[in-house]
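Trainee:
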Amino acid sequence: TPGLVDANTALGLPSAQENEQSNEITPHLQIIDLYDVEAQNVAHARRNGVTTAYITPGELNVFGGLGAVVKTAGESPVLARENGLRMTLGNMPGQGNAPFRTYGKPVGMYFRRPSNRMGVIWEIRKAFYDAIEARETAPGQVQQLSAATQTLIRALDKDLIVRTSARADQDIRTAIRLAQEFGINLVLDHVTEAYACLDDVVAAGFPVLLTAPTLEDDPEGATPHLDTARLLAARGVTLAIQSGADPRAEPLVREAAFAVRGGLSREAALAAITSVPAKILGVDDRVGSIAPGKDADVVVWSGHPLGLGSRAEHVFVNGVER
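In the working numbering, the protein residues as written are 207 to 528.
Structure representation (structure tokens):
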């Protein structure tokens, strides 16, 4: 098969350092500055057939920063340094924050806003409206604005895709409404409860990166269903399967196998971990399929890659066996 493409990971990132918690709005920070291609979890993913990965800022900020697309081996592993702006809906940006009325006088930077879903949504709107105002009051002078504001303007101008973490059905619907309100290009990340708002997801037309099918619980309390991938694919949604930056997830190829168990076809499952995520990430000119002129990222399996007894016997990245 082509080398696998995992569209949402924390590979090669130092533990607990993917969130810059001094502020809840940090759209300009670049996760690529943390990437270590020699990290053990990168090698583990590569041994299981992953040759390209999206690394993402964490989800404790409303805007966490810019993701990147990387190879899992090689001297020049970076495919895209600034690929997608991480925006998080739900309660995760409020986890760890301490409301003033509950705990009294602030004693540190963790006494900050937001502390619930309402606050998260307002912070998103405020950040975008402030960026719109800055762009309108300084025409032709965008380069003089702050790095954070410039990044938000790029998203508003559709020069930058917004990667939105949304697990619960109400957060998925909110993400779609925000995209319509601000005219941004969106990729829906996780969408654990997409089955509960399927018509909305289909009508919106945004690509979906489905959370790891083997995970039986969710940090937002959302309820996963094993057949969600099948339901999305049957309605024509552009669907990729991810490991979700979750250490509890199985290797990516196993997650695809579990989606097959839930009713997704083998062909769609393989595409969901190769060609489809490559296209969503905008790197399908180099990876995601085997074709002349593309990077020679190839995996040789002991059997059908989605067979539970199969393993990757040979993994080639850029034509070199790793």
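Using N, Cα and C, we set each Cβ at its ideal position, and we do this for glycine too.
Values in this document were obtained by computation on a predicted structure and should not be read as measured data.
Could you tell me whether the Cβ atoms of residue 209 and residue 248 are closer together than 8 Å?
Mentor: For this step, residue 209 is matched to residue 3 along the sequence shown. For this step, residue 248 is matched to residue 42 along the sequence shown. No, the Cβ-Cβ distance between residue 209 and residue 248 is not below 8 Å.
Trainee: Excluding five sequence neighbours on each side, which residues of the same chain lie with their C-beta closer than 8 Å to the C-beta of residue 177?
Mentor: With the chain represented from 207 up to 528, any question about residue 177 goes unanswered, as that position is not in the structure.
Trainee: Looking only at DSSP bridge pairs, what is residue 236 linked to?
Mentor: As a first step, residue 236 is located in the sequence shown; it is residue number 30 there, counting from the start. Beta-bridge pairing links residue 236 to 272.
Trainee: How big is the Cα-Cα spacing for residue 228 and residue 433?
Mentor: Sequence index remark: in the sequence shown, residue 228 carries index 22 (1-based). Sequence index remark: in the sequence shown, residue 433 carries index 227 (1-based). If you take the alpha carbons of residue 228 and residue 433, they lie about 39 Å apart.
Trainee: Going straight from the alpha carbon of residue 436 to that of residue 298, what length do you get?
Mentor: Numbered from its first residue, the sequence shown carries residue 436 at position 230. Numbered from its first residue, the sequence shown carries residue 298 at position 92. Their Cα atoms are separated by approximately 27 Å.
Trainee: Quick one: grab the DSSP three-state call for residue 481.
Mentor: In the sequence shown, counting from the first residue as 1, residue 481 sits at position 275. Note: residue 481 maps to helix in three-state DSSP.
Trainee: Count the other CB atoms, across all protein chains shown, that sit within 10 Å of the CB of residue 331; report buried if there are 16 or more and exposed otherwise.
Mentor: One-based indexing of the sequence shown puts residue 331 at position 125. The residue in question, residue 331, is exposed, as its Cβ has fewer than 16 Cβ neighbours within 10 Å.
Trainee: How is residue 329 classed by DSSP in three states: helix, strand or coil?
Mentor: In the sequence shown, counting from the first residue as 1, residue 329 sits at position 123. It is helical.
Trainee: Could you name each continuous alpha helix (DSSP H) segment of 4 residues or more that falls completely within the region 450-505, going from the start of the chain to the end?
Mentor: 458-467, 472-477 and 481-486
Trainee: If we call anything under 8 Å between Cβ atoms a contact, is residue 361 one with residue 215?
Mentor: If you number the sequence shown from 1, residue 361 lands on position 155. If you number the sequence shown from 1, residue 215 lands on position 9. No. Outside cutoff.
Trainee: Would you kindly report the start and end of the unbroken alpha helix (DSSP H) that includes residue 358?
Mentor: On the sequence shown, residue 358 is found 152 positions in, with the first residue counted as 1. Start and end: 353-362.
Trainee: Assuming residue 397 and residue 407 form a contact by the criterion Cβ under 8 Å, report the distance between their Cβ atoms to the nearest whole angstrom.
Mentor: The residue given as residue 397 occupies position 191 in the sequence shown. The residue given as residue 407 occupies position 201 in the sequence shown. Confirmed, about 7 Å.
Trainee: Please list the terminal residues of the continuous beta strand (DSSP E) segment that includes residue 256.
Mentor: Indexing the sequence shown from 1 puts residue 256 at position 50. Per DSSP, residue 256 belongs to the beta strand (DSSP E) from 256-261.
Trainee: Closest to residue 400 by C-alpha separation, out of 376, 344, 234 and 359, would be which residue?
Mentor: As a working mapping, residue 400 is identified with position 194 in the sequence shown. The shortest C-alpha separation from residue 400 is found at 376.
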